[in-house]
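Trainee: In the numbering used here, each residue's number is its place in the sequence shown (first place is 1) plus 50. All C-beta atoms in this analysis are idealised placements derived from N, C-alpha and C, irrespective of residue type, glycine included. All of these numbers come straight from a predicted model, not from anything done at the bench.
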Amino acid sequence: MDNILFFDIEVYQYNSFVIFKNIDKEFVACFTNDDRFEGVGEFIKGYMDNGYTLCGFNNYSYDDFILEAMIAGWNGKQIKVLNDEIIGAWSNKFAKKRYPKGLFKSIDVFQQIDVGMPSLKKIEGNMGRKILETSVGFDIDRPLTILELQAEKDYCSYDIDNTIDVYKIRIKSYFQ
């Protein structure tokens with residue numbers, strides 16, 4: 051299963067982005083609300099047409115919904131409203147109320163861990179890794195500075211790298 055494209059999304063009031071990496075943890079692409087995520091749909095379709103599957107951590111309950119809104123060309127403000135709706139309703143099973151449209155095929159590493167529903171941060175700790183948290187609050191009410199935006203992209207990239215590692219650990223025992 052080498053045809054996997056890993057991704058993670060971060061959403062702020064004025065800045066939202068999605069980062070994609072390959073199974074070797076190499077950066078593939080980043081799309082932002084600065085350009086209304088222009089080209090993200092064609093980018094994903096190109097990978098899907100070549101037999102790829104998207105993979106994230108907890109993407110079935112969050113990222114897949116946000117990514118579909120990005121593909122639809124929603125602006126940053128609309129994405130933030132959807133983000134807040136998902137997070138606010140998460141305990142009410144948001145995914146059962148709203149179904150992704152199936153614009154892409156995805157698998158979710160979070161679904162395959164255990165019934166205790168551990169966070170990626172807990173898994174990182176159990177693997178003896180540094181637990182990297184964002185230094186920028188998600189409720190910030192201004193555009194991120196260039197340094198904050200880069201820090202958030204680094205944070206997002208770190209989460210993708212750890213998702214790839216968890217996927218690789220489980221590839222033979224579950225994903226294949």
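#1: Select from Phe115, Cys105, Val61 and Ala122 the residue whose C-alpha is nearest the C-alpha of Val90.
#2: Can Ile157 and Cys105 be called in contact, C-beta distance under 7 Å?
#3: DSSP on Glu202, reduced to helix/strand/coil?
#4: If you compare alpha carbons, which of Leu153, Phe57, Phe56 and Asn65 is closest to Gln128?
#5: Identify whether Gly106 lies in helix, strand or coil by the three-state DSSP scheme.
#6: Looking at the structure shown, is Ser111 part of a helix, part of a strand, or coil, going by DSSP?
#7: What distance in whole Å lies between the Cβ atoms of Phe77 and Phe160, which are believed to be in contact at a cut-off of 8 Å?
#8: Can you grab the Cα-Cα spacing for the pair Ala145 / Ile94, in whole Å?
#9: Measuring CA to CA, which of Asn83, Ile116 and Trp124 is closest to Phe57?
#10: Cβ of Asn53 within 7 Å of Cβ of Gly96?
#11: Quick one: what does DSSP say Val227 is sitting in, helix, strand or coil?
#12: Tell me whether Ala31 sits in a helix, a strand or coil according to DSSP, three-state version.
#13: Which residues does DSSP list as the beta-bridge partners of Val159?
Mentor: Let's see:
#1: Of Phe115, Cys105, Val61 and Ala122, the residue nearest in Cα terms is Ala122.
#2: Yes, they are a contact pair.
#3: In the displayed model, Glu202 falls within a helix according to three-state DSSP.
#4: Asn65
#5: strand
#6: Reduced to three states, the DSSP call for Ser111 is coil.
#7: Actually they are not in contact, since the Cβ atoms of Phe160 and Phe77 sit about 22 Å apart, beyond 8 Å.
#8: Residue confidence is low: Ala145 scores 48 on pLDDT, short of 50, so the model does not pin down where it sits. No coordinate-derived value is stated.
#9: Ile116
#10: no
#11: Outside the modelled stretch of the chain, which goes from 51 to 226, sits residue 227, for which no answer is possible.
#12: Because the chain is modelled from 51 through 226, residue 31 falls outside the range shown and cannot be assessed.
#13: DSSP output for Val159 lists no bridge partner at all.
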